[in-house]
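See structure below.
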Amino acid sequence: MIEITCNDRLGKKIRVKCNEDDKIGDLKKLIAAQTGTRSEKIVLKKWYTIFKDHVTLADYEIHDGMNLELYYN
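The opening position of the sequence shown corresponds to residue 1 in full-length UniProt numbering, with each subsequent residue numbered one higher.
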């Protein structure tokens with residue numbers, strides 16, 4: 001299990017526990033359950049890289065304690 005922190009820079013900082021073999025779409029569903037927004041509206045970024053839903057966290061090299069940027073579409 002790894003813990004990822006998502007920050008939307010509007011006052012919400014969300015910590016999510018998931019596995020490295022989970023997909024980005026699964027991570028978005030966990031974030032949506034905590035924030036109350038729909039998972040289709042969530043966009044996860046790191047610098048200028050927009051993460052695609054069908055790729056796993058391990059493929060993007062997302063590890064324990066990593067911070068991601070959370071945007072709303």
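Here a beta-carbon is modelled for each residue, glycine too, at the ideal position from N, C-alpha and C.
Fair warning: this is a prediction, and the values are worked out from it, not measured in the lab.
Point to revise | Rounded separation between residue 73 and residue 67 - CA only | key: Within the sequence shown, numbered from 1, the residue matching residue 73 stands at position 73. Within the sequence shown, numbered from 1, the residue matching residue 67 stands at position 67. Using only the alpha carbons, I get a separation of about 19 Å.
Exercise for review: On a CA-only basis, which of 11, 32 and 20 is nearest residue 65? Give me that one, please.
Suggested key: Here residue 65 corresponds to residue number 65 of the sequence shown, with the count starting at 1. Residue 65 has its Cα closest to that of 20, out of 11, 32 and 20.
Check your understanding: On the three-pair Cβ rule with 8 Å, is the stretch 17 to 33 touching the stretch 53 to 62?
Key -> These segments touch.
Practice item. Whole angstroms is fine: what's the gap from residue 6's alpha carbon to residue 40's? Key: Within the sequence shown, residue 6 is the residue found at index 6, counting from 1. Within the sequence shown, residue 40 is the residue found at index 40, counting from 1. Put simply, the backbone Cα of residue 6 is about 16 Å away from that of residue 40.
Practice item. With residue 52 as the anchor, note down where its alpha helix (DSSP H) starts and where it stops. Key: Reading the sequence shown from its first residue, position 52 is the one you call residue 52. Run containing residue 52: none; DSSP gives neither H nor E here.
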